[in-house]
Structure formats: C-alpha cells, structure tokens
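**Student:** Structure in structure tokens, see below.
In my numbering, the protein residues as written are 133 to 305.
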C-alpha cells in the first residue's frame with residue numbers, strides 16, 4: 133500500500149527500528165548513485181537522534197523522512213559517509229529529505245523542513261545548509277533557501293553529489 137492523500141501523517145524521531153523503512157524509501161526517492169549504505173544510515177540515526185525525523189501514516193508506513201545534523205555554515209557532508217557533527221555547531225545541515233512518490237504534493241517535505249527550522253531556531257543556530265540534488269532547487273527556494281558557496285574544504289565534496297548539485301543556505305534571525 134502506498135501513502136494516500138487523505139491519511140494523517142504523524143511526525144516523530146527516527147530510531148534504529150525504522151532503518152528498513154528508511155532504506156526502502158531512500159531507494160524509491162533517489163537513483164542508485166545517491167542511495168547511501170545501510171551502515172552509514174544506521175550511524176546517522178544513532179548519533180543524531182534529535183535531528184532525524186519521519187512522517188508516518190497511522191498504519192506505521194513511513195511517508196517521508198529528514199536526516200540532519202549540527203554543523204557549521206558552508207560545510208558539506210560527504211555522500212556515502214557517516215555524519216560528523218561539528219564540536220561547536222552554529223548551523224543545522226539538512227543532508228537527506230525524501231518523500232514517498234505516492235505522498236508527493238501533500239506538504240510533507242515542507243512539514244519536515246518546518247521541524248528543522250523550529251529546532252535550529254530554538255537552539256539559536258545561525259541558519260541551515262544543504263545540498264540540493266536532482267533538480268530540487270525550486271523546492272528549496274520555496275522553503276526560503278538561497279544559492280550559496282560551500283566552504284573551500286567542501287568544494288570537492290559537493291562535486292560528489294553529481295551534476296547540477298548546489299549548496300543552499302537559509303539564515304535565521
């Protein structure tokens with residue numbers, strides 16, 4: 133069964149038990165080049181429990197997820213590698229947002245972005261950064277993100293995301 137347009141979607145933090153559903157949704161949302169390995173995904177859930185969220189139907193099926201971690205402006209996480217949160221974070225890095233194809237257009241992506249914005253605001257962070265892939269820049273611009281340049285150390289990392297990938301930033305007041 134795929135997520136339906138009239139079903140409720142509850143937001144909660146992701147746990148290790150959610151890994152199979154997360155991996156299945158990741159495979160549906162991205163091409164093979166961007167699908168990341170289960171051990172890296174499990175590490176992310178373990179070390180960043182307050183910054184990984186999922187939206188679930190009443191049936192328990194995952195409809196969308198967002199994986200983020202505390203970082204610094206301009207830093208880009210290497211694809212296919214574990215997260216390394218910054219020792220003194222000043223930003224939130226949104227690494228992976230995926231929505232089930234059957235749930236697209238229901239506002240689930242913006243709802244997850246709102247959760248990240250609320251957390252970053254509550255923690256007094258300067259803003260949120262991300263790498264937009266697969267032509268997703270228009271979505272992110274609608275969420276208030278703007279084109280930016282990653283820091284010098286992250287230039288090569290950005291190239292690993294494929295053609296057309298762009299670093300985007302949203303400042304917080």
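We treat Cβ as the ideally placed atom computed from N, Cα and C, and that holds for glycine.
Report the option in 234, 295, 201 and 230 whose CA atom is closest to the CA atom of residue 259.
**Tutor:** Taking the first residue of the chain shown as 1, we reach residue 259 at position 127. Nearest of 234, 295, 201 and 230 to residue 259, Cα basis: 201.
**Student:** Would you call the CB atoms of residue 187 and residue 141 closer than 8 Å?
**Tutor:** Mapped onto the chain shown, residue 187 falls at position 55. Mapped onto the chain shown, residue 141 falls at position 9. Yes, Cβ-Cβ distance for residue 187 and residue 141 is below 8 Å.
**Student:** Compute the Euclidean distance between the alpha carbons of residue 274 and residue 281, then round it to the nearest angstrom.
**Tutor:** Counting from 1 along the chain shown, the entry for residue 274 is found at position 142. Counting from 1 along the chain shown, the entry for residue 281 is found at position 149. If I take the Cα positions, the gap works out to 19 Å.
**Student:** Got a sec, what are the start and stop residues for the beta strand (DSSP E) residue 223 sits in?
**Tutor:** The residue labelled residue 223 in the question sits at position 91 within the chain shown. Residue 223 -> beta strand (DSSP E) spans 223-231.
**Student:** Mapping DSSP to helix, strand and coil, what is residue 283?
**Tutor:** Taking the chain shown and counting its residues from 1, one reaches residue 283 at position 151. Residue 283: coil per DSSP, three-state reduction.
**Student:** Just list the residues that DSSP pairs residue 263 with in beta bridges.
**Tutor:** Locating residue 263 in the chain shown gives position 131, counting from the first residue. According to DSSP, residue 263 bridges with 299.
**Student:** Thinking C-alpha only, which one of 279, 152, 205 and 297 is nearest residue 192?
**Tutor:** Taking the first residue of the chain shown as position 1, residue 192 is located at position 60. It is 152 whose Cα lies nearest to the Cα of residue 192.
**Student:** Buried or exposed: where does residue 160 fall if 16 or more other Cβ atoms within 10 Å of its Cβ makes it buried?
**Tutor:** Here residue 160 refers to the residue found at position 28 of the chain shown. By the 10 Å Cβ count, residue 160 comes out exposed.
**Student:** With DSSP run on the structure shown, which of helix, strand or coil describes residue 184?
**Tutor:** Position 52 of the chain shown holds residue 184. Strand at residue 184.
**Student:** Measure the C-alpha to C-alpha separation of residue 277 and residue 190 and round it to an integer number of angstroms.
**Tutor:** Position 145 of the chain shown, counted from the first residue, corresponds to residue 277. Position 58 of the chain shown, counted from the first residue, corresponds to residue 190. About 31 Å.
**Student:** Hey, out of 199, 263 and 207, whose CA is closest to residue 154's CA?
**Tutor:** Position 22 of the chain shown, counted from the first residue, corresponds to residue 154. The shortest Cα separation from residue 154 among 199, 263 and 207 belongs to 199.
**Student:** Assign residue 92 to one of two classes, buried (16 or more other C-beta atoms within 10 Å of its C-beta) or exposed (fewer than that).
**Tutor:** As shown, the chain starts at 133 and ends at 305. That puts residue 92 outside it, with no answer to give.
**Student:** Provide the residue(s) that pair with residue 162 in DSSP beta bridges, ordered along the chain.
**Tutor:** As a working mapping, residue 162 is identified with position 30 in the chain shown. Note: residue 162 sits in no beta bridge, so no partner.
**Student:** Looking only at its chain, what residues have a beta carbon closer than 8 Å to the beta carbon of residue 218, apart from the 5 residues adjacent to it on each side?
**Tutor:** The residue given as residue 218 occupies position 86 in the chain shown. Cβ neighbours of residue 218 beyond the five flanking positions: 202, 203, 204 and 207.
**Student:** By the three-class DSSP mapping on this structure, what secondary structure does residue 253 have?
**Tutor:** Position 121 of the chain shown holds residue 253. Residue 253 falls in the helix class under three-state DSSP.
**Student:** By DSSP's criteria, residue 200 is part of a beta bridge. Which residues make up the other side?
**Tutor:** The residue given as residue 200 occupies position 68 in the chain shown. Answer is 226, bridged to residue 200.
**Student:** In terms of DSSP beta bridges, what is residue 143 paired with?
**Tutor:** Position 11 of the chain shown, counting from 1, holds the residue named residue 143. Paired residue(s): 187.
**Student:** Thinking C-alpha only, which one of 220, 241 and 236 is nearest residue 229?
**Tutor:** Residue numbering aside, residue 229 sits at position 97 when the chain shown is read from its first letter. Considering only alpha carbons, the answer is 241.
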